[in-house]
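A short write-up of the structure that comes next.
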Amino acid sequence: MKYMDSCVIIGSYFPDDPNHEVCKSFMDNLVEGEFECVISIFGLAEIGGFISRNSNPELAKKFTQELLDLPNLHIVYVSGFENFMNSVLLVSVLKGLSGADAIHLVSALSSVEVDEFVTVDHDFNRVSDMIRVTNLRK
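If you want it as structure tokens, here you go:
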């Protein structure tokens, strides 16, 4: 199953995003039920906050709820927060990922069914030895 980086959803939402077309195509396929996907609750918070800051809070709330209502978008929650964050710290230091990116990676790796990480962020190429990384930007 795919883990989706929040930047894919953000890119699909804003027409002026430089990755809008590839992100929108991916999201359209998800919405049409062509595959299942995973995202962390942290990712949803990033999406909601970004849309709220760059659009308005009501649109952010509505869009976040639409994401939560998708039957094939599964939300992962952290369990064992201390161990999780220790892993985030380790990945950040050893792989040079930002803290937020490391949270996404560790969330993906913590989900047994996830075998692919989908993003438009080239920083994730640094972890292609840990999980299959699909960059929609190529």
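For the sequence shown, the working numbering begins at 248 and goes up steadily by one.
Beta carbons: idealized from backbone N, C-alpha and C, even for Gly.
The beta strand (DSSP E) with residue 249 in it runs from where to where?
-> Sequence index remark: in the sequence shown, residue 249 carries index 2 (1-based). Its beta strand (DSSP E) spans residues 249-251.
Can you give the Cα-Cα distance for residue 361 and residue 300, rounded to whole angstroms?
-> For the purposes of this step, residue 361 is taken as residue 114 along the sequence shown, with counting starting at 1. For the purposes of this step, residue 300 is taken as residue 53 along the sequence shown, with counting starting at 1. Answer to the nearest angstrom: the Cα atoms are 30 angstroms apart.
According to the Cβ coordinates, are residue 327 and residue 370 closer than 9 angstroms?
-> In the sequence shown, the residue the question calls residue 327 occupies position 80. In the sequence shown, the residue the question calls residue 370 occupies position 123. Not a contact, by the Cβ cut-off of 9 angstroms.
Give the secondary structure of residue 328 by DSSP, where H, G and I count as helix, E and B as strand, and everything else as coil.
-> As a working mapping, residue 328 is identified with position 81 in the sequence shown. Helix.
Buried or exposed: which applies to residue 298, given that a residue is buried once 16 or more other Cβ atoms fall within 10 Å of its Cβ?
-> The residue given as residue 298 occupies position 51 in the sequence shown. Buried.
Can you tell which of 352, 358, 359 and 357 has its C-alpha closest to the C-alpha of residue 380?
-> Along the sequence shown, one-based indexing puts residue 380 at 133. Nearest C-alpha to residue 380: 352.
Neighbourhood of residue 263 by C-beta, 6 angstroms cutoff - its chain only, sequence neighbours within 5 removed | Against the sequence shown, residue 263 aligns to sequence position 16. Excluding positions up to five away in sequence, the list is empty.
How about residue 285 and residue 321: are their beta carbons less than 9 angstroms apart?
-> As a working mapping, residue 285 is identified with position 38 in the sequence shown. As a working mapping, residue 321 is identified with position 74 in the sequence shown. Cβ distance < 9 angstroms, so residue 285 and residue 321 count as in contact.
Short Cβ contact (9 angstroms threshold) for residue 367 with residue 338 = On the sequence shown, residue 367 is found 120 positions in, with the first residue counted as 1. On the sequence shown, residue 338 is found 91 positions in, with the first residue counted as 1. Taking 9 angstroms as the Cβ cut-off, residue 367 and residue 338 do not qualify as a contacting pair.
Could you tell me the boundaries of the beta strand (DSSP E) in which residue 300 lies?
-> Taking the sequence shown and counting its residues from 1, one reaches residue 300 at position 53. From DSSP, residue 300 is part of no beta strand (DSSP E) but of the alpha helix (DSSP H) over 288-301.
Would you mind stating whether residue 325 and residue 345 have Cβ atoms separated by less than 9 angstroms?
-> Position 78 of the sequence shown, counted from the start, is the residue given in the question as residue 325. Position 98 of the sequence shown, counted from the start, is the residue given in the question as residue 345. Contact: no.
Pick helix, strand or coil for residue 356, following the three-state DSSP scheme.
-> By one-based count along the sequence shown, residue 356 stands at place 109. If DSSP states are grouped into helix, strand and coil, residue 356 belongs with the helices.
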